[in-house]
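Have a look at the structure below, then the notes.
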Amino acid sequence: MKLSTKHLLGIKDLLKEDIQLILSTAEQFKEVLQRPVKKVPSLRDITIVNLFYENSTRTRMSFELAERRLSADVLNFTASSSSAAKGETLLDTVNNILSMKVDMVVMRHSASGAPHFLAKHIPAAIVNAGDGINEHPTQALLDAFSMKEKMGRLEGLKVAIIGDIMHSRVALSNMYLLKKMGAEILVVGPPTLIPTYISEALGVRVTYNLQEALKWCDVANVLRIQLERQNQPLFSSLREYNLAYGIKRKMLEGLGKEIVIMHPGPINRGVELDSDVADGPYSIILNQVENGVAVRMAALYLLAEREQ
Amino acid sequence: MVWKKGFIFNKISTLKIILSEQQMALTVKRLAHQILENNNALENAVIIGLQPRGIFLSDRIVAELKNILGTDAIHYGKLDITFYRDDVRKALHIANQTDIPFSIEGKTVILIDDVLYTGRTIRAALDALLDFGRPSKVSLCVLIDRRFSRQLPIQPDFLGKAIDTIVSDKVKVNWRENDEKDEVVLV
Chain A
-11 MKLSTKHLLG IKDLLKEDIQ LILSTAEQFK EVLQRPVKKV PSLRDITIVN
39 LFYENSTRTR MSFELAERRL SADVLNFTAS SSSAAKGETL LDTVNNILSM
89 KVDMVVMRHS ASGAPHFLAK HIPAAIVNAG DGINEHPTQA LLDAFSMKEK
139 MGRLEGLKVA IIGDIMHSRV ALSNMYLLKK MGAEILVVGP PTLIPTYISE
189 ALGVRVTYNL QEALKWCDVA NVLRIQLERQ NQPLFSSLRE YNLAYGIKRK
239 MLEGLGKEIV IMHPGPINRG VELDSDVADG PYSIILNQVE NGVAVRMAAL
289 YLLAEREQ
Chain B
9 MVWKKGFIFN KISTLKIILS EQQMALTVKR LAHQILENNN ALENAVIIGL
59 QPRGIFLSDR IVAELKNILG TDAIHYGKLD ITFYRDDVRK ALHIANQTDI
109 PFSIEGKTVI LIDDVLYTGR TIRAALDALL DFGRPSKVSL CVLIDRRFSR
159 QLPIQPDFLG KAIDTIVSDK VKVNWRENDE KDEVVLV
């Protein structure tokens, strides 16, 4: 058994079996991370470059830790402190890096489709660490892993994705993944932040009513309001957004049922999530971060090139 | 009884039984006793079976040990060595569960696997074990030793049966839980 794809560009290209394989391998890596020595020698002859054209804390550190725990050699590239600032093209930069014998590229870029473009032009395996408003596959995988760990299943699970659906690559990857794994999806947010025709395109339900969504769902995946990608006002103020779509502790306590709150980070406290929710008993946000390393180890391990 | 030539399918006629069901049961009992003989009531010893197929043997041995000692308090873990293989880049190997819910620091570890062949699995297992702590001693228990096939200097301490095989031979250990019948055959 192996992955049906050479690159991890998006959940869209994966089969259900691929997702299951990554998640089950991640379980084994999670156990590795509990050991006194949290490192295995599997990829010690592999060099991986982390190519980050966009800011990141969690994802970059999580990938770097995953790579080091697999014993891979790691190169870090940050666009702001590189020759990209002098005008070098993406392809030139990557080809120069690859000529130094690099085997895999982990890449984040603000342009949707940038990793897909690279995959067509270079021989190395590419892992998409977020491209514009398209996909963030490892985030969706770690979200799925965390949901499965907490709830025991994905099939039939009721998941609400709440907030800035329009600009969120996490939302898109999550929808593709949950759909493939047989979960039910409800997207929630103000009409200006939900793409028209999303239910026709992706087969998800849409509501503009947060209370209704919380009553229905088992898991609420709350997204960050991405002000940096909004070039026109899509709601009147952050305060108004918080009043209409912010998750508050009282709301959750009033539901009278178990609910799991997730967030891909970074959190805008007091906007999409109140602090007492983010740090409260419903939240599994820090588990998501912990699981991220195991899931990324699994993806890298499975994608590393084999002789066969 | 003598088989007439051509009486049964070729494939079946090439099967050679190395251990029958009864022999296997006796061997498991003997291995359990030998382990106890050398590890004073398992006072400072832990049992670790190797995934995936060593577990069938280690399950049986542990059941036997519990039976003899009259206690369930045996430290028994399972180890998967996939991430430590020396051929990890030759082909993709799928990992199984590792579960060692106790410390092996300063303990005698008894590694259990079904067949000892090239010795490479045990090499990987030794590497993996050291990531869990520093055992005072590691010994090896196997059901079948394909002697003269070793590629590394590794020998068993507790042995079911040693057999002479060539590279093209395949030794298959069948277990009731998984393969209908307890039996060791040469294919």
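Heads up: the sequence lines are chains A and B, in that order.
Numbering (my numbering) for the first sequence: -11 to 296.
Numbering (my numbering) for the second sequence: 9 to 195.
Glycine included, C-beta positions come from ideal geometry on N, C-alpha and C.
Just so it is clear, the structure is predicted and the values come from calculations on it, not from any experiment.
{"query": "Check whether the segment 140 to 159 of chain A and the segment 199 to 207 of chain A are in contact - that is, three or more C-beta pairs closer than 8 Å.", "result": "yes"}
{"query": "Please report the Cβ distance between A:LYS238 and A:ILE7, rounded to the nearest whole angstrom; I am assuming they are in contact, meaning their Cβ atoms lie under 8 Å.", "result": "No, A:LYS238 and A:ILE7 are not in contact; Cβ-Cβ is about 36 Å, not under 8 Å."}
{"query": "For chain B, check one thing: does any of its Cβ atoms lie closer than 8 Å to the Cβ of A:GLN16?", "result": "yes"}
{"query": "From the DSSP secondary-structure annotation, give me the bridge partner or partners of B:HIS83.", "result": "Per DSSP, none; premise fails for B:HIS83."}
{"query": "Within 8 Å (strictly less), CB to CB, does A:VAL82 reach chain B?", "result": "no"}
{"query": "So, does the segment 79 to 89 of chain B touch the segment 105 to 112 of chain B, judging by three or more C-beta pairs under 8 Å?", "result": "yes"}
{"query": "Please report the distance separating the alpha-carbon of A:ALA287 from that of A:ALA67.", "result": "24 Å"}
{"query": "So, using beta-carbon positions, are B:LEU167 and B:ASP187 closer together than 8 Å?", "result": "no"}
{"query": "Exposed or buried, B:VAL195, counting other C-beta atoms within 10 Å across all chains shown (16 or more means buried)?", "result": "exposed"}
{"query": "I need the DSSP call for B:ASN18, collapsed to helix, strand or coil.", "result": "Confidence is the limiting factor: at B:ASN18 the pLDDT is only 47, short of 50, which leaves the residue's position unreliable, though a coordinate-based value still follows. B:ASN18 falls in the helix class under three-state DSSP."}
{"query": "Using a 10 Å radius around the Cβ and a threshold of 16 neighbouring Cβ atoms, would you call B:THR35 buried or exposed?", "result": "buried"}
{"query": "Quick one: list the residues of chain D neighbouring B:GLY62, beta-carbon separation under 9 Å, in chain order.", "result": "Included in the structure are the protein chains A and B, with no chain D among them."}
{"query": "What residues in the segment 96 to 126 of chain B have a beta carbon less than 9 Å from any beta carbon of chain A?", "result": "VAL96, ARG97, LYS98, ALA99, LEU100, ILE102, ALA103, ASN104, GLN105, THR106, ASP107, ILE108, SER111, GLU113"}
{"query": "Decide if B:VAL192 is buried, meaning its Cβ has at least 16 other Cβ atoms within 10 Å, or exposed.", "result": "buried"}
{"query": "Measuring only between beta-carbons, confirm whether B:ASP187 sits less than 8 Å from chain A.", "result": "no"}
{"query": "Residues of chain A with CB closer than 8 Å to the CB of B:TYR92, please, in chain order.", "result": "VAL28, PRO29, SER30"}
{"query": "Once DSSP output is grouped into helix, strand and coil, what is the label at B:MET9?", "result": "Any answer about B:MET9 is weak, because its pLDDT of 49 lies below 50 and its placement is not dependable; what the coordinates show is given next. The answer is coil: DSSP assigns B:MET9 none of H, G, I, E or B."}
{"query": "Anything in the segment 64 to 92 of chain B with a Cβ closer than 9 Å to a Cβ of chain A? List those residues in chain order, please.", "result": "ASP88, THR90, PHE91, TYR92"}
{"query": "List the endpoints of the continuous alpha helix (DSSP H) containing A:PHE40.", "result": "Element bounds for A:PHE40: not the alpha helix (DSSP H) but the beta strand (DSSP E), 35 to 40."}
{"query": "At 4 residues or longer, what runs of the alpha helix (DSSP H) sit wholly inside the segment 20 to 98 of chain B?", "result": "29 to 46, 62 to 77"}
{"query": "Rounded to whole angstroms, what is the Cα-Cα separation between A:SER98 and B:VAL175?", "result": "55 Å"}
{"query": "Do A:SER30 and A:TYR289 have their beta-carbon atoms positioned less than 8 Å apart in this structure?", "result": "yes"}
{"query": "Check the Cβ of A:PRO24 against every Cβ in chain B and list those closer than 8 Å, keeping chain order.", "result": "ASP139, PHE140, GLY141"}
{"query": "Using 10 angstroms around the beta-carbon of A:ASN116, count the other beta-carbons present and answer buried if the total reaches 16, otherwise exposed.", "result": "buried"}
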